[in-house]
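Numbering-wise (the working numbering), the sequence shown opens with residue -19 and increments by one. Following: one structure in structure tokens, then a few remarks.
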Amino acid sequence: MKKGFVFDLDGVITDTAKFHYIAWKDLAKNLGITIDEAFNETLKGISRMDSLDKILTYGNRENDFTLAEKEALAQTKNDEYVKLLADLSAEDLLPGVHDFLVQAKENNIPCAIASASKNAPMILEKLGVLDFFGHIVDPETLKKGKPDPEIFVKAAESINVEPKDAIGFEDAQAGIEGIKAAGMYAVGISETETLSGADLQVASMTELSVEQFMHI
């Protein structure tokens, strides 16, 4: 029987990808770099600084900035992103998420967030679901990003669950690989991309119930 749930945030709980894209596109444009939505997909699930490095490399400007300057650029992007999130509300929860979290709470199954986003607490509060989560992994405490399993192992440990007794929910290939490397059961959530290695894939959380995981 599985004893804990670990969720990615963006693309699983809510979808703020469009806001990330706007903010990164504006920053890149100011640096003389043009990115499109296809390139933005390559940034899915990775950290802010790693995303910036990918953009700078894409624009052949990877050697043009000091670490301090890059940190300032990343902060500029985040400031715009946070402004774009100002109107986020419970209506922005992805379909099926609230019902699933309620079921988890009713069955005393602890939940944790494993996201590269430093804004996760603020986003979850705006969505009205912060209280459903026993822990949110702080990405600042991580040595490696996804697909490394570190964030998923930490998330499981934070809710006192062995990784082998946890289920991870992800919408990105790197996330699925991290979940499996951590020894967890992996649920992929995507209606457009085949997530290789997922133990189960669905188009949305509406297709899932807590009960179906009680006997895995």
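Yeah, the Cβ is synthetic: ideal placement off N, Cα and C, and Gly gets one too.
Beta-carbon contacts of residue i that lie in its chain and below 7 angstroms, excluding the five residues immediately before and after
| i | result |
| --- | --- |
| Thr56 | Leu7 |
| Leu175 | Gln153, Ile156, Gly168 and Gln181 |
| Leu64 | Phe(-1), Ile2 and Ala3 |
| Ala100 | Leu(-11), Ile93 and Ile116 |
| Asp72 | Thr(-6) and Leu107 |
Extent of the continuous beta strand (DSSP E) run through residue i
| i | result |
| --- | --- |
| Leu180 | Leu180 to Val182 |
| Phe(-13) | Gly(-16) to Phe(-13) |
Per-residue burial, residue i [other beta carbons within 10 Å of its own, 16 or more giving buried]
| i | result |
| --- | --- |
| Asn43 | exposed |
| Thr186 | exposed |
| Ile35 | buried |
| Asn20 | buried |
| Met194 | exposed |
| Leu81 | buried |
| Leu188 | buried |
| Asp(-10) | buried |
| Met25 | Looking at the sequence provided, one finds Gly at residue 25 rather than Met. Buried: at least 16 other Cβ atoms inside 10 Å. |
| Ser138 | buried |
| Ala48 | exposed |
| Ala18 | exposed |
| Ala178 | buried |
Residue-chain proximity (residue i, chain D), Cβ-Cβ < 9 angstroms
| i | result |
| --- | --- |
| Lys85 | Among the protein chains of the structure shown there is no chain D, as only one such chain exists. |
Own chain residues within Cβ distance below 8 angstroms of residue i, not counting five before or after
| i | result |
| --- | --- |
| Glu60 | Ile2, Ala3, Asp6 and Leu7 |
| Met29 | Lys50, Glu51 and Ala54 |
| Ala(-3) | Asp(-10), Gly(-9), Asn20 and Lys24 |
Whether residue i touches residue j by CB criterion (9 angstroms)
| i | j | result |
| --- | --- | --- |
| Ala54 | Val190 | no |
| Lys106 | Pro119 | no |
| Ala166 | Ile147 | yes |
| Ser170 | Asp151 | yes |
| Val117 | Ala135 | yes |
| Ala94 | Asp(-5) | no |
| Lys(-18) | Pro90 | no |
| Leu74 | Ile159 | no |
| Ala96 | Lys126 | yes |
| Met102 | Val62 | yes |
| Ala203 | His78 | Nothing about residue 203 can be read from this structure; the chain reaches only from -19 to 196. |
| Arg41 | Ile13 | yes |
| Gly39 | Leu68 | no |
| Val(-14) | Phe112 | no |
The alpha helix (DSSP H) enclosing residue i, as first and last residue numbers
| i | result |
| --- | --- |
| Ser31 | Arg28 to Tyr38 |
| Asp6 | Ala(-3) to Asn10 |
| Asn20 | Glu17 to Glu21 |
| Asp59 | Leu47 to Leu64 |
6 angstroms Cβ shell around residue i - same chain, five flanking residues per side excluded
| i | result |
| --- | --- |
| Glu130 | Leu122 and Lys124 |
| Ser31 | Leu23 |
| Ala162 | Pro129, Phe132, Val133 and Pro143 |
| request: Could you tell me which uninterrupted alpha helix (DSSP H) segments, each at least 4 residues in length, are contained entirely in the segment 87 to 170, listed from first to last along the chain? | output: Along the length of the segment 87 to 170, whole alpha helix (DSSP H) runs at least 4 residues long occupy 100 to 107, 130 to 138 and 153 to 161, reported in chain order.
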